[in-house]
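A.B. asks: Take a look at the following structure, please.
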Amino acid sequence: MHFRPAVRDSLHAQGQAGQRNCVQHVRRLHMPEPNEIFFAEHHIGPLQVWWTSHPARLSGEPTARPLLESWFHLPPGALPLRRDMRGKPRLEGALQHHDVSWSHSGDALLLATGPEVEVGADIERLRPRPRALELATRFFTQAETDALQALPEGDRHLAFLRLWCAKEAVLKAHGHGISFGLQRLEFAPLGADTALQLIACDPQLGAPNDWMLHQWQPHPQYLAAVAWRARPAG
Ligand SMILES: CC(C)(COP(=O)(O)OP(=O)(O)OC[C@H]1O[C@@H](n2cnc3c(N)ncnc32)[C@H](O)[C@@H]1OP(=O)(O)O)[C@@H](O)C(=O)NCCC(=O)NCCS
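Using the numbering used here, you'd call the opening residue of the sequence shown number 693 and step up by one each time.
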């Protein structure tokens, strides 16, 4: 197996605060070119995670289903998956103790599943976001917006996306999506090389320390995040 050094480094530079118990094993990795099929899978804490090519703008379910069926040793079409009233995919029956989440952006899909957890996945294609500060002012907490504003302009774009991706991953795990309110959870610190940690959140999300976050760049053009916590009792 051949890794490009930049990718290998980004995958390994993650044993940081807020990312405890993180064990990764990458079995296959191909760099995406236009229309290329690419595929990688990782073990991240209790999660099985896939990053793979996916037709742009289409629902992720047709890509996610066969991967999950293979992972759970089910025949095609046998995955007990439905959407709840908010649109979050839910596994049922024999798989009811597992959670699943996926996200798609550009030509890529990120998929994560794990037992006895709530999991949320988010992937964003890196592209210029000229309205980053405006969006931050509107949707992030005051402290996050101030921290973004204090960053050199060159770092701000990536810091904004890392924050957005982290928040969306937690809110997808929680199941309400971003309509819950991106300002109802706060991450710090914001910097080019530091791992984000959830430092405050609405009580409906539990305690900040309940949450684990793992962020990485599966490819220089993509930013990925998975967030999970132990499934709350009841
Ligand atoms: C749902 C939401 C998280 C999707 O975010 P996005 O960046 O547009 O898209 P992503 O690629 O990251 O995720 C899409 C996947 O999120 C999942 N999803 C949808 N609703 C979800 C929810 N409430 N919680 C967790 N995951 C959800 C689905 O699997 C979806 O995949 P699909 O395209 O195959 O249906 C975001 O749009 C949101 O929170 N919206 C607010 C809730 C909302 O308005 N829901 C509309 C239905 S009433």
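Ideal Cβ positions, reconstructed from N, Cα and C, are used throughout, including at glycine.
All values derive from a computational prediction rather than experimental measurement.
Run through DSSP, which three-state label would residue 875 get?
C.D. replies: It is helical.
A.B. asks: For residue 767 and residue 754, what's the separation of their Cα atoms in angstroms?
C.D. replies: Using only the alpha carbons, I get a separation of about 15 Å.
A.B. asks: If I follow the unbroken alpha helix (DSSP H) through residue 758, where does it start and stop?
C.D. replies: From DSSP, the alpha helix (DSSP H) with residue 758 extends over 753 to 763.
A.B. asks: For the beta strand (DSSP E) that contains residue 847, what are its first and last residues?
C.D. replies: No beta strand (DSSP E) holds residue 847; the alpha helix (DSSP H) holding it covers 845 to 866.
A.B. asks: Following a CB-centred definition, is residue 814 positioned closer than 8 Å to any heavy atom of ligand 1?
C.D. replies: Yes, the beta carbon of residue 814 sits closer than 8 Å to at least one heavy atom of ligand 1.
A.B. asks: What first and last residue would you give for the beta strand (DSSP E) that runs through residue 791?
C.D. replies: Looking at the DSSP string, the run of the beta strand (DSSP E) that includes residue 791 is 790 to 797.
A.B. asks: Helix, strand or coil: how does DSSP classify residue 832 here?
C.D. replies: Note: residue 832 maps to coil in three-state DSSP.
A.B. asks: Let's test the definition: count the other Cβ atoms within 10 Å of the Cβ of residue 679 and tell me whether it reaches 16, buried, or not, exposed.
C.D. replies: One cannot answer for residue 679 here, as it falls past the ends of the chain, which runs 693 to 926.
A.B. asks: Just mark residue 853 as buried or exposed, buried being the case when its beta carbon has 16 or more other beta carbons within 10 Å.
C.D. replies: Answer is buried; the Cβ neighbour count reaches 16.
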